[in-house]
Structures are given as structure tokens and as C-alpha cells.
Amino acid sequence: MDKSVIICRCEEINIDEIETVLKLGAERFDDIKRITRCGMGPCQAKMCFKPVADLISEYTGKTLAEIPPARARMPLRMTRMSVMASNLESGSTIKAVLEDGDPDDE
Ligand code: FES
190 MDKSVIICRC EEINIDEIET VLKLGAERFD DIKRITRCGM GPCQAKMCFK PVADLISEYT
250 GKTLAEIPPA RARMPLRMTR MSVMASNLES GSTIKAVLED GDPDDE
């Protein structure tokens, strides 16, 4: 197969880039993700996990069942800009965001 074929459309990562990381010893999707950004696009690996898992399986000899899925990240919460701006001087933006609560609750 042509090594320039894009495997992660969101981040424009091709097979050659994935194989380079596999040759360096990557064995999990998250290893490849951290180095190449594959799986960090808007689809969050929904499109690219399977073809990357196939490559991992090919290189490591693991079955697809032995390859752990991409780590899920907690979604970010919407925060008002006024909360961010009002706490710039005190440097307590994180505390203010946590105390502000969920804007959807109002
Ligand atoms: S195709 Fe890889 S993150 Fe969307």
C-alpha cells in the first residue's frame, strides 16, 4: 500500500508517519496519538482508530482485542468570559471557574 495514504483525515497523518512511530516501539493507539496527533481531531479517533489498530496488530502481532481503545478525555465545560476576565488580576481564574457552576443550570 502507498505509504502516503492519509489514515487520520482530521490531522492529516499518513501511513508512513504511523509506521515510523511503530518502528520506534509504539504498541498502543495512545502512544501513536501522543507523538503524531493521530486521533486528536474533531472525530476523536472514530474514523482512524480501526486502521491504526490494524497497523499496530500487523507490527506487534497483537490481536485487535488486545489493543486498548484511545483514552477518552473529559469534555470541557462552557465558561463565561466575564468569569475569566474578572479574575485576571488575582490569578484565581481556576477557582472562579469552579465556583461559577454550570452556566446551563441557570
Ligand atoms: S480521523 Fe483521526 S481524529 Fe478524526
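Residue numbers (the working numbering): 190 to 295. For each residue, glycine too, the CB sits at the ideal point set by N, CA and C.
When you measure from the CB of residue i to every non-hydrogen atom of the ligand FES, does any distance come out below 7 angstroms?
{"i": "residue 198", "result": "yes"}
{"i": "residue 242", "result": "no"}
{"i": "residue 215", "result": "no"}
{"i": "residue 261", "result": "no"}
{"i": "residue 258", "result": "no"}
From residue i to residue j, what distance separates their C-alpha atoms?
{"i": "residue 223", "j": "residue 259", "result": "11 angstroms"}
{"i": "residue 256", "j": "residue 270", "result": "41 angstroms"}
{"i": "residue 211", "j": "residue 262", "result": "23 angstroms"}
In terms of residues, what are the limits of the alpha helix (DSSP H) holding residue i?
{"i": "residue 245", "result": "238-249"}
{"i": "residue 221", "result": "218-225"}
{"i": "residue 209", "result": "204-212"}
Hey, residue i and residue j are a contact pair by Cβ (cut 8 angstroms); roughly how many whole angstroms apart?
{"i": "residue 253", "j": "residue 207", "result": "Residue 253 to residue 207, Cβ: 16 angstroms. No contact."}
{"i": "residue 241", "j": "residue 195", "result": "Contact doesn't hold; Cβ gap of about 12 angstroms is too wide."}
{"i": "residue 200", "j": "residue 229", "result": "6 angstroms"}
Ends of the beta strand (DSSP E) at residue i?
{"i": "residue 196", "result": "195-197"}
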